[in-house]
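Have a look at the structure below before the remarks.
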Amino acid sequence: TILRDPLEMAISMYYYQRSRKNFINWPLKTKLKWILEFGFSQRFFNALKKFKEKPVHHISLDDYLLTKKEIILDFLPRGVNSKNYEDYFERYYICLGITNRLSHSLKLFAKKINKNFNEDDISSVNITKSIKLKPSALVKEKFINQNKTSYLIYKYAQSRFEQEYSKVFSHK
136 TILRDPLEMA ISMYYYQRSR KNFINWPLKT KLKWILEFGF SQRFFNALKK
186 FKEKPVHHIS LDDYLLTKKE IILDFLPRGV NSKNYEDYFE RYYICLGITN
236 RLSHSLKLFA KKINKNFNED DISSVNITKS IKLKPSALVK EKFINQNKTS
286 YLIYKYAQSR FEQEYSKVFS HK
């Protein structure tokens with residue numbers, strides 16, 4: 136899996152949710168992509184329910200960020216916490232990647248599963264065309280404090296990635 140800095144992740148989610156319209160009015164291709172990602176599971180219906188109940192376009196970025204507590208844990212199985220996340224990742228993942236080193240992360244993944252990887256095959260493009268707001272210093276500090284485990288996990292992922300990458304691609 137590839138992890139992202141929790142604050143960057145939350146800001147991205149804010150802008151993504153702000154740009155969404157009513158699911159019923161989405162283009163068919165977008166609906167299908169979303170259904171394929173979530174499946175017709177309880178998670179799918181919970182996501183639709185949250186989307187319906189909490190339109191983000193009426194909330195400021197700062198207020199939105201203050202609602203996000205342990206953002207990375209939202210994407211991990213229940214029970215993963217500050218005491219066992221290392222064991223979880225060691226047991227279930229052959230390696231971890233990080234978004235700010237995306238091409239290197241994919242190169243490492245490919246090497247681990249004995250596949251070829253061509254960096255020219257990927258591009259990292261942000262399709263948002265508007266100017267992005269940045270959180271205030273106070274909100275950023277509060278966000279970090281309410282996402283301590285998420286930051287522990289992200290720092291662990293960064294460290295594990297750097298160790299694995301150096302080990303696999305060190306020039307002897």
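Going by our numbering, the first residue of the sequence shown is number 136, and it counts up by one from there.
Ideal Cβ positions, reconstructed from N, Cα and C, are used throughout, including at glycine.
Predicted model, so just to flag it, every value in this text is computed and none were measured.
- Sorting Ile288, Ile248, Leu142 and Tyr286 by C-alpha distance to the C-alpha of Leu201 places Leu142 at the top.
- Beta-bridge partners of Gly232 (DSSP): Ile137.
- Sixteen is the threshold: since fewer than 16 other Cβ atoms of the shown chains lie within 10 Å of the Cβ of Phe210, the residue is exposed.
- Contact annotation: Phe278 and Leu231 have beta-carbon atoms that are not nearer than 8 Å.
- Note that the C-beta distance between Thr284 and Ile137 is not below 8 Å.
- Counting only residues of its own chain and dropping the five nearest sequence neighbours on each side, Ile207 has a CB closer than 8 Å to the CB of Leu138, Pro141, Met144, Asn282, Thr284, Ser285, Ile288 and Tyr289.
- Of the residues Asn249, Arg236 and Glu254, the one whose Cα lies closest to the Cα of Ser294 is Arg236.
- Contact between Tyr291 and Glu221 holds, since their C-beta atoms are separated by about 6 Å, short of 8 Å.
- The C-beta distance from Leu243 to Ile257 rounds to 13 Å, too long to fall under 8 Å, and the pair is not in contact.
- Apart from sequence neighbours up to five positions away, the residues of its chain that approach Asn251 with a beta-carbon distance below 7 Å are Ala245, ordered along the chain.
- Around the beta carbon of Leu196, 16 or more other beta carbons lie within 10 angstroms, which makes this residue buried.
- Excluding residues up to 5 positions away in sequence, Leu243 and Lys246 lie with their Cβ nearer than 7 Å to the Cβ of Val303 in the same chain.
- In the structure shown, Ser195 adopts coil according to DSSP, grouped into three states.
- Linking Lys269 to Asp198 through their CA atoms gives a straight-line distance of about 12 Å.
- The beta-carbon separation of Val215 and Tyr223, rounded to 5 Å, stays under the 8 Å limit for a contact.
- Taken through DSSP and simplified to helix, strand or coil, Lys250 comes out as coil.
- Within the same chain, Ala145 come within 6 Å of Lys203 by CB-CB distance, once the 5 residues on both sides are set aside.
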